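Chains as they are written, first to last, in my numbering: chain D, 119 to 342; chain B, 23 to 276; chain R, 1372 to 1598; chain P, 968 to 1022.
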Amino acid sequence: MSLRAATGAVFRREMQLFARRKSDWANPIVFFLIVCSLFPFAVGSESEKLKLIGIGVIFVGALLASMLSLPRLFEEDARDGSLELMLASSEPLAVLILARITALSLGLGAALTVATPVFALFYALPFDVAGMLALSVALAVPTLLLIGAIAAALLVSARGGAILTAVLVLPLTIPTLIFGAGAALRVLNGQSPVAELALQGAFLLLALALCPLAAAAALKISTD
Amino acid sequence: MARTEQQSNDKFAGRWFWRYAAPAAFYPLAGKIEKIGWVLAVVLAAIGLYMGFFVAPTDATQGEVYRVIFIHVPAAWMTMVIYLAMAFWAGTGLVLGTRLSFMMSHALAPTGAIMAVVALWTGSLWGRPTWGTYWVWDARITSTLILFFLYVGYMALSAAFDDKKKGDRASALIALVGAINVPIIYFSVKWWTTLHQGSSVRPGSSSMATTMLWAMLIMTFAFWAYCVAAAMHRLRTQIIEREAGAAWLDGATK
Amino acid sequence: MYCGYCVGLGGLQGARGFVNPCSSLRLEALAAERGGKAVFTDVSVNVEARTLLRVLGPNGAGKTTLLRILAGLGAPSAGSVQWRAPDDSERSPNEAAMFAGHANAMNEALTVAENLSYAAALAGIDCTPMNLRRALTQLGVEKLINRRFGSLSQGQRKRASLARLLLRAQAGERAWLLDEPFVALDTDTQAQLAALIGEELAAGAIVVLTSHQAVAINAPKMQELML
Amino acid sequence: MNWESWSAFWDMGGRGFFVWGSYGALLIAVVAELLSLRSARKAAIRSLHDDHETL
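Structure below.
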């Protein structure tokens, strides 16, 4: 009963923060937009070329944008002391962390998913590809946040957080990147994306099972 | 921690593992292993290189450039083996709380990273004349590159904590997370390469002459011996750093 | 003072029954270390209900470390901490005590009410709107209930965050672990907090406190622990 | 014997750059590691004895 109350409170608070501070979802989208608009300047504006790189650029952009949101998970709370409320709670920390990531995934995931097909137009991608890309991003954001939560938890009390987060997290996101972008690529090539989507779903389930536990252990290590 | 370790030592008194889990007990043993390692590394490398350059014949398809594999393949194997060993000791440290296990992980990481660099460098120099390009996004090469990133992340993380104990446990956790991810990454990249470029370029799997195989095997053992010796040396340095103030060290380092 | 529906909920709350206060705290051969170096060793003390335990010691003696261990936020390197209920059953630190550290533990973007009900939910306290309002009233900041924490002055922030300690349904229900609670408080608030601590002790709570300031607290029983 | 002369040995059938570039890199890596091992050990022992003097 009080577990439900506690997870509910964690989830609700994350949502309240998301509603209260527009910058929490606006900044990642603006960042995403800027990353996506930089590449054509470097590559050239022919739509055939853009079509080739578009999927990759958009997916990597979404990946980086969700990585930028990682400090919000624990660092902010560690600074104002409210992380201790979560750590001291009798409820299992992994479940509380999961509630938190779920809320963040819904908020950030929705924002990035909506933005993705719009940005796909920059790259002259057909509508069906843009749609598949949005679906891929929607599946990938929770996975990335779950993996990233481990690093974010470890780095709560360490020096050089932001860059180190990137060094730790990005290599682990490669499978998600491969299959996330791969699904859209299949559609672009007129093939079925089912296998890639299934694997992405499998990664999400695996991350759901393991990452909150690892993140809880990490948080205990770094705040002890 | 010191106290609980002492307790566990009492509890498991007589079992060799716990006896050597104490840094003071392992320090002289590590010294012996290190010496044997250096000697074996030099002797085996001399034999292996002699066989590799003077006994093994020229490869029919690749010519002389194949002689790079006598160091490339052992380095690639070692970087993988060392990562597994590192993750194993990290896990042992997290579960049992033994200081020596964390030190073992830290001692292995730099050598593992160096092996990854050597494997990538020699691989690309071998690839240029063989495949016509310095770099191929092949599953094995890409995984080695990612393994290198994981080593770097592990080392950077353990250095990012002022509290060594926290650094130990935090980096141990990331080593384990990496170990779970390495096979996933490997198979993902493998899937991805078949999707993108088919099987046009693949590392050669032509049959090797037995002398070539022997030379490679002996070089592999030489690499093993070298890595063990280097890790033991680093381990002893860490014991000196971390056990500063312990009486037994005075005699041991003079 | 209370609105009608709050009183109604309060009635329900009262009917739910008495929650046992925590009656004893026992530390046995407690030791802690930081970065491999011992901070303190062999701390043993028995604290009964209605007792104020003052933790004394120079900077770096491990006062905060000790409080965090009592709150279950850190693990001791040796020894044990036991919180017990009057029926002698053991309780977890989170059920037994509330910790207030240097930071306010309030998010600036959320309102006082949102922050406090979050804290209560995680502490396993059934926080009714009446409890919330009563807690804020006791500290004289009930008007700030729906203000964003970030818009408050420093003094208001301190008071609002102290309200967290008063959210429990009944006085004396939980031990208080206070790390330098009088720092950065004006004299009025200091006196008010001292009075609240006195009331909580009288109601049966244990209060553990580190402080550099000599603030008079009316305690039924007082113990000192030198680190 | 594989090689008619030293120059043939260094030439490696025209692939000298690749073969010796590889072995050279290994040599550099090993020497660098050995040097860093030695300097780390020296620093550790120095700080150990420094500690004793200040105590």
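Cβ atoms here follow ideal geometry from the backbone N, Cα and C, with glycine treated the same way.
These figures come from a predicted structure and were not determined experimentally.
**Request:** Tell me whether D/PRO330 is buried or exposed, calling it buried when 16 or more other Cβ atoms sit within 10 Å of its Cβ.
**Result:** Numbered from its first residue, the first sequence carries residue 330 of chain D at position 212. Buried, because 16 or more other Cβ atoms sit within 10 Å of the Cβ of D/PRO330.
**Prompt:** Based on the DSSP secondary-structure assignment, which residues constitute the bridge partners of R/LEU1423?
**Reply:** For the purposes of this step, residue 1423 of chain R is taken as residue 52 along the third sequence, with counting starting at 1. In the DSSP output, where bridge partners are listed per residue, R/LEU1423 has R/VAL1578 and R/MET1593.
**Item:** Distance, D/ALA320 Cα to D/PHE149 Cα
**Value:** Counting from 1 along the first sequence, the entry for residue 149 of chain D is found at position 31. Counting from 1 along the first sequence, the entry for residue 320 of chain D is found at position 202. Cα to Cα, D/PHE149 sits roughly 29 Å from D/ALA320.
**Message:** Check whether chain B comes within 8 Å of R/ARG1439, counting only Cβ atoms and requiring the distance to be less than that.
**Reply:** Start at 1 with the first residue of the third sequence, and residue 1439 of chain R comes out as number 68. Judged by the 8 Å Cβ criterion, R/ARG1439 is not in contact with chain B.
**Item:** Three CB pairs or more closer than 8 Å across the segment 98-107 of chain B and the segment 239-257 of chain B
**Value:** yes
**Request:** Please confirm whether B/ILE93 and B/VAL140 have their CB atoms less than 8 Å apart.
**Result:** Taking the second sequence and counting its residues from 1, one reaches residue 93 of chain B at position 71. Taking the second sequence and counting its residues from 1, one reaches residue 140 of chain B at position 118. Yes, these two residues count as a Cβ contact at 8 Å.
**CA nearest to the CA of B/ASN203, picked from D/ARG304, D/LEU290 and D/LEU306** = The residue given as residue 203 of chain B occupies position 181 in the second sequence. Looking at the Cα atoms, D/LEU290 is the closest of the given residues.
**Prompt:** Just how far apart, CA to CA, sit D/VAL178 and D/LEU295?
**Reply:** Sequence index remark: in the first sequence, residue 178 of chain D carries index 60 (1-based). Sequence index remark: in the first sequence, residue 295 of chain D carries index 177 (1-based). Roughly 7 Å separates the two Cα atoms.
**Asked** With distances taken between CB atoms, is the gap from R/ALA1439 to B/ASP185 smaller than 8 Å?
**Response** To locate residue 1439 of chain R, count along the third sequence from 1; it is residue 68. To locate residue 185 of chain B, count along the second sequence from 1; it is residue 163. For the record, residue 1439 of chain R in the displayed sequence is Arg; it is not Ala. Taking 8 Å as the Cβ cut-off, R/ARG1439 and B/ASP185 do not qualify as a contacting pair.
**Message:** Going by DSSP in three states, D/ALA233 sits in which element: helix, strand or coil?
**Reply:** Within the first sequence, residue 233 of chain D is the residue found at index 115, counting from 1. Helix at D/ALA233.
**Prompt:** Going along the chain, which residues of its own chain have a beta-carbon closer than 7 Å to the beta-carbon of B/TRP60, five neighbours each way excluded?
**Reply:** Taking the second sequence and counting its residues from 1, the one referred to as residue 60 of chain B is at position 38. Only ALA251 meet the Cβ criterion.
**Prompt:** Are the CB atoms of R/TRP1547 and R/ALA1468 nearer to each other than 8 Å?
**Reply:** Counting from one through the third sequence, the residue named residue 1547 of chain R turns up at place 176. Counting from one through the third sequence, the residue named residue 1468 of chain R turns up at place 97. Yes. Within cutoff.
**Simplified DSSP assignment, three categories, for B/THR80** = Locating residue 80 of chain B in the second sequence gives position 58, counting from the first residue. Looking at B/THR80 - three-state DSSP - the assignment turns out to be coil, as it is neither helix nor strand.
**Prompt:** Which value, in whole angstroms, describes the spacing of the CA atoms of D/ALA269 and D/LEU282?
**Reply:** Taking the first sequence and counting its residues from 1, the one referred to as residue 269 of chain D is at position 151. Taking the first sequence and counting its residues from 1, the one referred to as residue 282 of chain D is at position 164. Whole-angstrom Cα-Cα distance: 8 Å.
**Asked** Going along the chain, which residues of its own chain have a beta-carbon closer than 6 Å to the beta-carbon of D/PRO235, five neighbours each way excluded?
**Response** Stepping through the first sequence from its first residue, residue 235 of chain D is reached at position 117. For D/PRO235, where only same-chain residues beyond five positions count, the Cβ hits under 6 Å are ALA248 and ALA252.
**Message:** For B/LYS187, would you say it is in contact with chain R, using Cβ-to-Cβ distances shorter than 8 Å as the test?
**Reply:** As a position in the second sequence, residue 187 of chain B is number 165, starting the count at 1. Closer than 8 Å to some Cβ of chain R, the Cβ of B/LYS187 qualifies, so yes.
**Asked** Which of helix, strand or coil does DSSP assign to B/GLY220?
**Response** By one-based count along the second sequence, residue 220 of chain B stands at place 198. Caution is warranted here: a pLDDT of 42 is assigned to B/GLY220, below 50, making its placement in the model unreliable, and no coordinate value can be reported.
**Message:** I want to verify the contact list: residues of chain R whose CB lies under 7 Å from the CB of D/MET133, in sequence order.
**Reply:** The residue labelled residue 133 of chain D in the question sits at position 15 within the first sequence. What D/MET133 touches in chain R: nothing, since even the nearest Cβ is about 11 Å away.
**Asked** When DSSP builds the beta bridges, which residues end up paired with R/ALA1573?
**Response** Within the third sequence, residue 1573 of chain R is the residue found at index 202, counting from 1. In the DSSP output, where bridge partners are listed per residue, R/ALA1573 has none listed.
**Asked** Can you list the residues of chain B that P/GLU1000 reaches, using a CB-CB cut of under 8 Å?
**Response** The residue you call residue 1000 of chain P lines up with position 33 of the fourth sequence. Here the neighbours are PRO132, THR133, ILE136 and ALA252.
**Request:** Name, please, each residue of chain D whose Cβ falls closer than 8 Å to the Cβ of R/PHE1470.
**Result:** Here residue 1470 of chain R is taken as the residue at index 99 of the third sequence, counted from 1. Ordered by position in chain D, the residues that pass the 8 Å Cβ test against R/PHE1470 are GLU202 and ALA206.
**Message:** Give me the subset of the segment 82-105 of chain B whose CB atoms are less than 8 Å from a CB atom of chain P, sorted by chain position.
**Reply:** GLY85, GLU86, VAL87, ARG89, VAL90, ILE93, HIS94 and ALA97
**Prompt:** Does the beta carbon of B/SER146 come closer than 8 Å to any beta carbon on chain D?
**Reply:** By one-based count along the second sequence, residue 146 of chain B stands at place 124. By this cut-off, B/SER146 is not an interface position.
**Asked** What does P/ARG1008 touch in chain B if you count any residue whose Cβ is under 8 Å from its own?
**Response** In the fourth sequence, counting from the first residue as 1, residue 1008 of chain P sits at position 41. Simply HIS255, ARG258, THR259 and ILE262.
**Asked** Within the chosen definition, does the segment 1448-1461 of chain R reach the segment 981-999 of chain P through at least 3 CB pairs nearer than 8 Å?
**Response** no
**Request:** Measure the Cβ-Cβ separation of D/ALA302 and D/LEU230 and say whether it is below 8 Å.
**Result:** By 1-based counting over the first sequence, the position of residue 302 of chain D is 184. By 1-based counting over the first sequence, the position of residue 230 of chain D is 112. It is not a contact, given that the beta carbons lie outside the stated cut-off.
**Request:** Check distances from the C-beta atoms of the segment 137-150 of chain D to those of chain R and list, in chain order, the residues that come in under 7 Å.
**Result:** ARG138 and ARG139
**Request:** With 8 Å as the threshold, decide whether the Cβ of B/PRO225 is near any Cβ in chain P.
**Result:** Working through the second sequence from its first residue, we reach residue 225 of chain B at position 203. Unreliable positioning characterises B/PRO225 in this predicted model, as indicated by a pLDDT of 49, which lies under 50. The coordinate reading is nonetheless provided below. Closer than 8 Å: no.
**Request:** Taking C-beta pairs closer than 8 Å, name the residues in chain R that B/ALA184 reaches, listed in chain order.
**Result:** Reading the second sequence from its first residue, position 162 is the one you call residue 184 of chain B. The sequence given here places Asp at residue 184 of chain B; Ala does not occur at that position. Simply GLY1406.
**Request:** Give the straight-line distance between the Cα atoms of B/ALA47 and B/ALA268, rounded to the nearest whole angstrom.
**Result:** Locating residue 47 of chain B in the second sequence gives position 25, counting from the first residue. Locating residue 268 of chain B in the second sequence gives position 246, counting from the first residue. Between B/ALA47 and B/ALA268, the C-alpha separation is close to 13 Å.
**Request:** Compare the Cα-Cα distances from B/THR233 to each of B/ALA63, B/PRO79, B/ILE69 and B/ALA44 and report the closest residue.
**Result:** Translated into positions along the second sequence, residue 233 of chain B becomes position 211. Of the listed residues, the one whose Cα sits closest to B/THR233 is B/PRO79.
**Asked** Which whole-angstrom value describes the C-beta separation of D/SER275 and D/LEU226, a residue pair presumed to lie in contact below a C-beta threshold of 8 Å?
**Response** To locate residue 275 of chain D, count along the first sequence from 1; it is residue 157. To locate residue 226 of chain D, count along the first sequence from 1; it is residue 108. Not really, about 24 Å apart at Cβ, beyond 8 Å.
**Message:** Quick check on the DSSP output: the alpha helix (DSSP H) that includes D/ARG131 runs from which residue to which?
**Reply:** For the purposes of this step, residue 131 of chain D is taken as the residue at position 13 of the first sequence. Run containing D/ARG131: 120-138, per the alpha helix (DSSP H) assignment.
**Request:** For R/ASN1502, name the three-state secondary structure that DSSP assigns.
**Result:** The residue you call residue 1502 of chain R lines up with position 131 of the third sequence. Helix.
**Asked** For B/MET137, which option in B/VAL158, B/CYS249 and B/GLY115 has the closest C-alpha, if you only look at C-alpha atoms?
**Response** Indexing the second sequence from 1 puts residue 137 of chain B at position 115. With distances taken between Cα atoms, B/MET137 lies closest to B/CYS249.
**Request:** Pull up the distance between the alpha-carbon of B/GLY154 and that of B/LEU147, whole angstroms please.
**Result:** Working through the second sequence from its first residue, we reach residue 154 of chain B at position 132. Working through the second sequence from its first residue, we reach residue 147 of chain B at position 125. Looking at the two C-alpha atoms, the distance is approximately 10 Å.
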